[in-house]
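*Asks:* This structure is in structure tokens; I'll ask about it shortly.
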Amino acid sequence: MLTWLWQFVKCYKPRLVIAIVALVFTSALTLSLGQGIRLMVDNGFAAESYEGLASALQVTLLIIIGLAVGAYFRFFMVSWIGERVVADIRRQLYARLLTLPPSFFEDNLAGEIQSRVTTDTTLLQTVIGSSFSFALRNTLSFLGGITLMFVSNVKLSLVVLAVVPFIVFPLIIIGRKVKRLSKDSQDKVADVGAWAGESLQHIKVVQAFTRESFVNQQFSNAAEDAFQTALRRIRYRAFLIALVMTMVMGAVTVMLYLGGTDVLAGKLSAGELSAFVFYAIIVAGSLAAVTEVYGEVQRAAGAVERIRELMGTEPTIKNPTTIKQVDFTKAEPLISIDALSFSYPSRPKQKALDAFNLTIQQGERIALVGPSGSGKSTLFDLLLRFRDPQAGTIKIKGTDIRQLGLEALRDFYALVPQQPVLFSTNVLDNIRFGKPDATQKEVEAAAKAAHAHEFVMDLPDGYQSFLGEQGVKLSGGQKQRLAIARAILANPKILLLDEATSALDAQSEHLVQQALDELMKGRTTLIIAHRLATVAHVDRIAVLDHGKLIDVGNHQRLMGTSTLYKRLADLQFKSYEPPESARVSAM
Ligand SMILES: Nc1ncnc2c1ncn2[C@@H]1O[C@H](COP(=O)(O)OP(=O)(O)OP(=O)(O)O)[C@@H](O)[C@H]1O
Ligand SMILES: [Mg+2]
Numbered sequence: 003m004l005t006w007l008w009q010f011v012k013c014y015k016p017r018l019v020i021a022i023v024a025l026v027f028t029s030a031l032t033l034s035l036g037q038g039i040r041l042m043v044d045n046g047f048a049a050e051s052y053e054g055l056a057s058a059l060q061v062t063l064l065i066i067i068g069l070a071v072g073a074y075f076r077f078f079m080v081s082w083i084g085e086r087v088v089a090d091i092r093r094q095l096y097a098r099l100l101t102l103p104p105s106f107f108e109d110n111l112a113g114e115i116q117s118r119v120t121t122d123t124t125l126l127q128t129v130i131g132s133s134f135s136f137a138l139r140n141t142l143s144f145l146g147g148i149t150l151m152f153v154s155n156v157k158l159s160l161v162v163l164a165v166v167p168f169i170v171f172p173l174i175i176i177g178r179k180v181k182r183l184s185k186d187s188q189d190k191v192a193d194v195g196a197w198a199g200e201s202l203q204h205i206k207v208v209q210a211f212t213r214e215s216f217v218n219q220q221f222s223n224a225a226e227d228a229f230q231t232a233l234r235r236i237r238y239r240a241f242l243i244a245l246v247m248t249m250v251m252g253a254v255t256v257m258l259y260l261g262g263t264d265v266l267a268g269k270l271s272a273g274e275l276s277a278f279v280f281y282a283i284i285v286a287g288s289l290a291a292v293t294e295v296y297g298e299v300q301r302a303a304g305a306v307e308r309i310r311e312l313m314g315t316e317p318t319i320k321n322p323t324t325i326k327q328v329d330f331t332k333a334e335p336l337i338s339i340d341a342l343s344f345s346y347p348s349r350p351k352q353k354a355l356d357a358f359n360l361t362i363q364q365g366e367r368i369a370l371v372g373p374s375g376s377g378k379s380t381l382f383d384l385l386l387r388f389r390d391p392q393a394g395t396i397k398i399k400g401t402d403i404r405q406l407g408l409e410a411l412r413d414f415y416a417l418v419p420q421q422p423v424l425f426s427t428n429v430l431d432n433i434r435f436g437k438p439d440a441t442q443k444e445v446e447a448a449a450k451a452a453h454a455h456e457f458v459m460d461l462p463d464g465y466q467s468f469l470g471e472q473g474v475k476l477s478g479g480q481k482q483r484l485a486i487a488r489a490i491l492a493n494p495k496i497l498l499l500d501e502a503t504s505a506l507d508a509q510s511e512h513l514v515q516q517a518l519d520e521l522m523k524g525r526t527t528l529i530i531a532h533r534l535a536t537v538a539h540v541d542r543i544a545v546l547d548h549g550k551l552i553d554v555g556n557h558q559r560l561m562g563t564s565t566l567y568k569r570l571a572d573l574q575f576k577s578y579e580p581p582e583s584a585r586v587s588a589m
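Under the numbering used here, the letters of the sequence shown match residues 3 to 589, in that order.
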């Protein structure tokens, strides 16, 4: 854990040096307060001298001023390093997350990852920004205190020292246990967060099905579980603290008794005993403090483990070692898909795409149609290299996309996904996501082309209107048109449109269709079409079934050659009649 943290801390060596100097300085001054006390008792009280008392107090006061100055620098520098390092870790962690392929986020809950970026790093911050310094300071006080104890009185020191093993061994054994429990505890808290986030995000479904008490129960269980795990950790720690306290205070009492008899017998001055007691209290106090911090450091070790795990996750889809450029002047087809086969790792036996072939020329508009689950959206994922196929290739102008830079490849495309994605910001920034440096004019032009300008102007704050989380303050058709405006603004070479199945009313379907026409003008387009209105506007239609390409052609031809296409088309044109099989199963 320490070596891992060191790579972050070492960037700030000068500050670290100042912090350590201040730390050593204040520890030394704290210990020298013991001498002030000795002077006060022996030269002041015992000698019954006012001057002795005053000069002893003067020395003490000087020490205290030095202490205050040292403490200022120590606290400032150490906290600075803590905050700085955690900000660095957070940034690095987030940057790493952004490189991971979508499949990673399917297997790991967003809430849990979030908790690593926020909660775990905060835990680290308290440790670097205070606990470490606290521990170091107390370790120094402990060592210094012990030395001074032995210098001033060996017999009494041995009494104090005899207790140490009884404190240290339970500390190590119980500490290990606490570390394991605290990892569990953090995991449980992350579960609670993830569940709360998900259920609140889908509050409409929760309330529509009146499942409030059900999800509430689930949440309570998760929270209770987290509490129970925390409780076990707390029990161990409480026991540890009580044990250490008893041992330490017991030793101090014995020592006071032995020392006191020596003073009464005249073998020891009262001032020497006072200074010794002061050192012993410092030693005991710092040992107790280290125990306290030890638990916290153990918790942080758990956090570090989780952060490291996440930072160490290698993206499965990466840039190639030598990146090729695409030559768009070449005569080859723009996209050629060759014998592409892919199955999702979670379902290795089922081929989402099966020996799929398709060639797309520059400027061509192609519609992909097929039953639900036939692999249309999956094909888009492979084109964008969100996933890599098990067999076959995709080439752009003759170059395998695995030889291109990921960023360059994805820059060729603009994607309008099946579910329009809007961020919780205003209209302007949502459209501008397609081209961050676009001017207001460019954004408005894109919105006009997408037939979105009119409804945007009707919103209370126009382009500055806040859309809520995932655009909850808009209708389905409006969201789609904003997603289209974003793609128009991005002005890509190739357009990937995954048309949403959501039934739009005739009016907004018409508007969305107009927006799409505008978008597709003169641009290579792959559109997953669910509505035949869309299909009428394309050059070729590719029919998919079970991940296979069944047929390619225009509407008229496919009506004659493809029974699957004819069935899909008939279902849309004619009034719905249940098929034979459905009638049978209904009886
Ligand atoms: N992330 C995933 N993990 C595992 N299997 C998946 C995943 N996404 C899709 N599938 C499966 O792969 C197959 C193809 O899915 P795909 O999303 O490509 O269908 P689609 O043709 O886009 O369907 P629709 O018209 O309903 O959008 C389906 O059987 C689906 O269940
Ligand atoms: Mg789909």
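Ideal Cβ placement from N, Cα and C applies to all residues, glycine included.
#1: According to DSSP, K332 sits in a beta bridge with which residue or residues?
#2: Can you give me the start and stop residues for the beta strand (DSSP E) that F344 sits inside?
#3: Quick one: Cα of E357 to Cα of I552, how far?
#4: Nearest-angstrom Cα distance between K351 and L499?
#5: Assign H204 to buried or exposed, taking buried as 16 or more other Cβ atoms, counted over all protein chains shown, within 10 Å of its Cβ.
#6: Among residues of its own chain, excluding the 5 on either side of V153, which ones have a beta-carbon nearer than 8 Å to its beta-carbon?
#7: Which residue or residues does DSSP assign as beta-bridge partners of D500?
#8: Using 8 Å as the cut-off, can you tell me whether the stretch 325-335 makes contact with the stretch 389-403, which would need three or more C-beta pairs spanning the two stretches below that distance?
#9: How long is the line joining the alpha carbons of A447 and R349, rounded to whole angstroms?
#10: Check whether the stretch 310-328 and the stretch 403-415 are in contact - that is, three or more C-beta pairs closer than 8 Å.
#11: Please look up how many angstroms separate the CB atoms of E294 and I236, rounded, as I've assumed it's under 8 Å.
#12: Considering only the alpha carbon of each residue, which of L560, G314, T5, L424 lies closest to A616?
#13: Compare the C-alpha of I130 against each of A267, S57, L7 and name the closest.
#14: For T441, which three-state DSSP category applies?
#15: If we ignore side chains and look at the alpha-carbon of each, how far apart do A56 and D44 end up?
#16: For the 8 Å Cβ check, are there 3 or more pairs between the stretch 534-554 and the stretch 365-381?
#17: To test your reading of the DSSP string, which unbroken alpha helix (DSSP H) runs of 4 or more residues are found completely within the stretch 406-432?
#18: Just tell me which of Q472, D390, E114 has its CA closest to the CA of P317.
#19: Between the alpha carbons of A505 and N432, how many angstroms are there, rounded?
#20: So which residues touch the region around ligand 2, with touch meaning a C-beta under 7 Å from any heavy atom?
#21: By a C-beta neighbour count over all protein chains shown, 10 Å radius and 16 as the cutoff for buried, is R40 buried or exposed?
#22: Among the residues of its own chain, which have a CB less than 7 Å from the CB of L570, if the five just before and after it don't count?
#23: CB of A354 to nearest heavy atom of ligand 1: below 7 Å?
#24: Locate the alpha helix (DSSP H) running through A30, then write down its first and last residues.
#25: Below 8 Å, how does it come out for the stretch 412-432 and the stretch 374-394: are there three or more Cβ pairs, yes or no?
#26: How would you call Q482, buried or exposed, if buried means at least 16 neighbouring beta carbons within 10 angstroms?
#27: Using the Cβ count rule (16 or more neighbours within 10 Å means buried), how would you classify R585?
#28: Kindly indicate which three-state DSSP category F388 falls into: helix, strand or coil?
#29: Within a Cβ cutoff of 7 Å, which residues of the same chain sit near A492, ignoring the five residues on either side of it in sequence?
#30: Which of helix, strand or coil does DSSP assign to I325?
#31: Opposite I362 in the DSSP bridges: which residues?
#32: So is D439 buried or exposed if we call it buried at 16+ other beta carbons inside 10 Å?
#33: With DSSP as the reference, please indicate the residues paired to I243 in a beta bridge.
#34: Check whether the Cβ atoms of R182 and S135 lie closer than 8 Å to each other.
*Replies:* So, to answer that:
#1: Paired residues: none, contrary to the question.
#2: Note, F344: beta strand (DSSP E), 337-344.
#3: Here the sequence assigns Ala to residue 357, which means Glu is not the residue at that position. Between the C-alpha atoms of A357 and I552 there is a straight-line separation of about 11 Å.
#4: Taking the straight line joining both Cα atoms gives about 28 Å.
#5: H204 comes out exposed.
#6: If you ignore the 5 residues before and after V153, its C-beta comes within less than 8 Å of no other C-beta in its own chain.
#7: The partner list for D500 (beta bridge, DSSP) reads I530.
#8: A contact between stretches requires three or more CB pairs, one per stretch, nearer than 8 Å, and the stretch 325-335 meets this requirement with the stretch 389-403.
#9: Using only the alpha carbons, I get a separation of about 44 Å.
#10: Touching, yes, given that three or more Cβ pairs across the two stretches are closer than 8 Å.
#11: Not a contact, Cβ separation roughly 13 Å.
#12: Examination of residue 616 is not possible in this model, given that the chain is present from 3 through 589 alone.
#13: Nearest C-alpha to I130 among A267, S57, L7: L7.
#14: Coil, per DSSP.
#15: The straight-line gap from Cα to Cα measures roughly 12 Å.
#16: These segments touch.
#17: Within the stretch 406-432, the alpha helix (DSSP H) runs of at least 4 residues that lie entirely inside it are, in chain order, 408-413.
#18: Relative to the Cα of P317, the nearest Cα in the group Q472, D390, E114 belongs to D390.
#19: For A505, the predicted model reports a pLDDT of 49, less than 50, meaning its position is unreliable; a value from the coordinates is still stated below. About 23 Å.
#20: After applying the 7 Å Cβ criterion, the set is K378, S379, Q420, D500, I530.
#21: Here R40 is buried. Its C-beta has 16 or more other C-beta atoms within 10 Å.
#22: Excluding the 5 residues flanking it on each side, L570 has same chain C-beta neighbours closer than 7 Å at V371, in chain order.
#23: Here the distance from the Cβ of A354 to the nearest heavy atom of ligand 1 is below 7 Å.
#24: For A30, the uninterrupted alpha helix (DSSP H) run begins and ends at 15-41, by DSSP.
#25: They touch, by the three-pair rule.
#26: Q482 comes out buried.
#27: Unreliable positioning characterises R585 in this predicted model, as indicated by a pLDDT of 45, which lies under 50. A coordinate reading is not provided.
#28: Here F388 carries a coil assignment [DSSP, helix/strand/coil].
#29: Here the set comprises A416, G436, K437.
#30: It is coil, neither helix nor strand.
#31: The partner list for I362 (beta bridge, DSSP) reads I337.
#32: Looking at its Cβ environment, which holds fewer than 16 other Cβ atoms inside 10 Å, D439 is exposed.
#33: Bridge partners of I243: none, in fact.
#34: Going by C-beta atoms, R182 is not nearer than 8 Å to S135.
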